[in-house]
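**Student:** Just so we're aligned, residue 1069 is where the sequence shown starts under this note's numbering, counting upward by one.
Would you mind keeping the following structure in view while I ask a few things?
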Amino acid sequence: MKKKSFIFLAGHKGLVGSSMLNLLKSKGYNNIITVDKKTLDLRDYKQVKRFFKKKKIDYLVMAAARAGGIIANSTNQKDFFLENVEIQNSLLQLALEKKIKRTIYLGTSCIYPKFAKNPISESSLLTGELEKTNQCYAIAKISGIKLSEALFHDYKLDIICLMPTNVYGINDNFDKVNGHVIPAMISKFLGAKKKKKKEIRLLGTGKPVREFIHSSDLANAIFTCLKSSQKKIKKLFKNKLPIINVGSGERLTILKLSRIIAKELKYNGNIVFDKNFPDGTYKKNLNSEKILKLGWKPKIKLSTGISEVIKYKNN
Ligand SMILES: NC(=O)c1ccc[n+]([C@@H]2O[C@H](COP(=O)([O-])OP(=O)(O)OC[C@H]3O[C@@H](n4cnc5c(N)ncnc54)[C@H](OP(=O)(O)O)[C@@H]3O)[C@@H](O)[C@H]2O)c1
């Protein structure tokens, strides 16, 4: 990938996309193609095809998606299914049509079975039942992997599928209901502090174990994959579609996470867990050996990352 390569970054305003945009700009890539959802709805392939008719694309990063936390996911299963399938179908067809040199497909650790052996390796895919609260999102993402596999084998399209663990960062969705666990929790703690509440109620039992990655570290992983030579990829994956987990290796319970956030915000009230809400998968830690073999490693410690996010949110 050269500095003048044309890179279509789909979803550039999102948590992952905006981090990727910053990284590419900081490295001097100046032919980055971005387009707003209002101008181009990526669910509509006809529109997408027309929009790119006379445009060159060398590389594609698929960071556009319908994403969200456990409540958003479990209560909007239809939309999580349809929107993700439609967006990825359009973008993968575009990759084929434009003979894009390398496409990075972003999946998620939610694709793995609820009871997969931890740390979860890529070979666990489709070996067991999925977690119910996000099964439509997971199935949509799995369908994208399978379409990528078909394009990889039948059309020799260069695609790498990344499966990140839970992502957090400064440009997140801080909605208390629809956001992912870290931003939603930060907003709840800030609200409790502001109202001087003596107690804060969080969802679930607090017992599930999670792994988190900062969006800048994930952007670096995407960049590593864009830059890795075909020779290196072929050596590591033989003739199979590369499916690559991206985790930080930093794992903790939701209870521990809540204590880190409380300490950072100097919130001294009681933390109470509401067991009437679902926990999701009990343990979701990734085996990230493959991406480490490609030369990537995470740089941002969870405590440092959370402190940075809180500073951003407070300003
Ligand atoms: N966040 C996580 O914890 C996490 C974990 C694992 C994997 N991932 C994956 O990483 C990728 C990026 O996630 P994210 O957290 O960055 O999501 P995000 O913050 O919600 O960003 C998604 C982006 O996609 C755009 N988009 C959505 N629907 C679109 C449409 N129909 N047409 C055009 N653009 C559309 C959004 O545009 P607007 O800004 O205009 O709405 C937004 O910029 C997704 O594939 C997700 O599944 C995320």
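Glycine included, every Cβ here is placed at the ideal spot set by N, Cα and C.
(1) What's the call for Leu1294, buried or exposed, on a 16-neighbour Cβ count within 10 Å?
(2) Since Arg1170 and Tyr1127 should fall inside the 8 Å C-beta cutoff, what is the C-beta to C-beta distance between them, to a whole number of angstroms?
(3) Given this structure, state the Cα-to-Cα distance separating Ser1216 from Val1340, to the nearest angstrom.
(4) May I have a chain-ordered list of the alpha helix (DSSP H) segments no shorter than 4 residues that lie completely inside the segment 1100-1138?
(5) Report whether the distance from the Cβ of Val1377 to the nearest heavy atom of ligand 1 is below 7 Å.
(6) In or out: His1080 buried (at least 16 other Cβ within 10 Å) or exposed?
(7) Can you check which of these residues, Leu1174, Glu1267, Glu1197, is closest to Gly1085 by C-alpha distance?
(8) Cutting at 7 Å between CB atoms, please list the residues of its own chain near Phe1291, excluding the five before and the five after it.
(9) Just to confirm the assignment, what range does the beta strand (DSSP E) spanning Asn1288 have?
(10) Closest to Asn1152 by CA distance: which of Gln1115, Ile1210, Ser1316 is it?
(11) Could you check if Pro1232 belongs to the surroundings of ligand 1, using beta carbon to heavy atom distance under 7 Å?
(12) Rounded to whole angstroms, what is the Cα-Cα separation between Tyr1380 and Asp1240?
(13) Using the Cα positions of Leu1360 and Thr1195, report the straight-line distance between them to the nearest angstrom.
(14) Taking only runs that begin and end inside the segment 1293-1356, name each unbroken alpha helix (DSSP H) of 4 or more residues, in chain order.
(15) Taking 7 Å as the cut-off, is the CB of Ala1135 close to at least one heavy atom of ligand 1?
(16) How long is the line joining the alpha carbons of Arg1111 and Ala1252, rounded to whole angstroms?
(17) CA-CA distance, Phe1076 and Ile1168?
(18) Check whether the Cβ atoms of Thr1176 and Met1231 lie closer than 8 Å to each other.
(19) Do Lys1071 and Gly1096 have their C-beta atoms within less than 8 Å of each other?
(20) What is the rounded straight-line gap between the Cα of Asn1311 and the Cα of Lys1266?
(21) I'd like to know whether the C-beta atoms of Asp1243 and Ile1368 end up nearer to each other than 8 Å.
(22) Can you find a heavy atom of ligand 1 that lies under 7 Å from the Cβ of Ser1110?
(23) In angstroms, rounded to a whole number, what distance separates the CA positions of Lys1105 and Tyr1205?
(24) DSSP three-state label for Pro1251, please.
(25) Look at the alpha carbon of His1282 and the alpha carbon of Gly1373, and state the distance between them as a whole number of angstroms.
(26) Evaluate Arg1118 with the Cβ neighbour count: other Cβ atoms within 10 Å of its Cβ, from every protein chain shown; 16 or more gives buried, anything less gives exposed.
(27) Cβ of His1221 versus every heavy atom of ligand 1: is any distance shorter than 7 Å?
(28) Tell me whether Asn1090 sits in a helix, a strand or coil according to DSSP, three-state version.
(29) Output the boundary residues of the alpha helix (DSSP H) element that contains Phe1149.
**Tutor:** Reading it off the structure:
(1) buried
(2) 5 Å
(3) C-alpha separation (whole angstroms): 43 Å.
(4) 1113-1119
(5) No, the beta carbon of Val1377 sits no closer than 7 Å to any heavy atom of ligand 1.
(6) buried
(7) Leu1174
(8) Leu1091
(9) Here Asn1288 belongs to no beta strand (DSSP E); instead the alpha helix (DSSP H) covers 1283-1295.
(10) Ile1210
(11) Yes.
(12) 11 Å
(13) 24 Å
(14) 1298-1305, 1322-1333
(15) yes
(16) 27 Å
(17) 10 Å
(18) yes
(19) yes
(20) First, the amino acid is wrong: residue 1311 is Ile here, not Asn. Taking the straight line joining both Cα atoms gives about 46 Å.
(21) For Asp1243 and Ile1368, no; Cβs fall outside 8 Å.
(22) Note that residue 1110 is Leu in the sequence shown, not Ser. Flag set: Cβ of Leu1110 near ligand 1.
(23) Roughly 20 Å separates the two Cα atoms.
(24) DSSP places Pro1251 in helix when its eight states are reduced to three.
(25) 7 Å
(26) By the neighbour-count rule (16 or more Cβ atoms within 10 Å), Arg1118 is not buried but exposed.
(27) no
(28) helix
(29) 1145-1165
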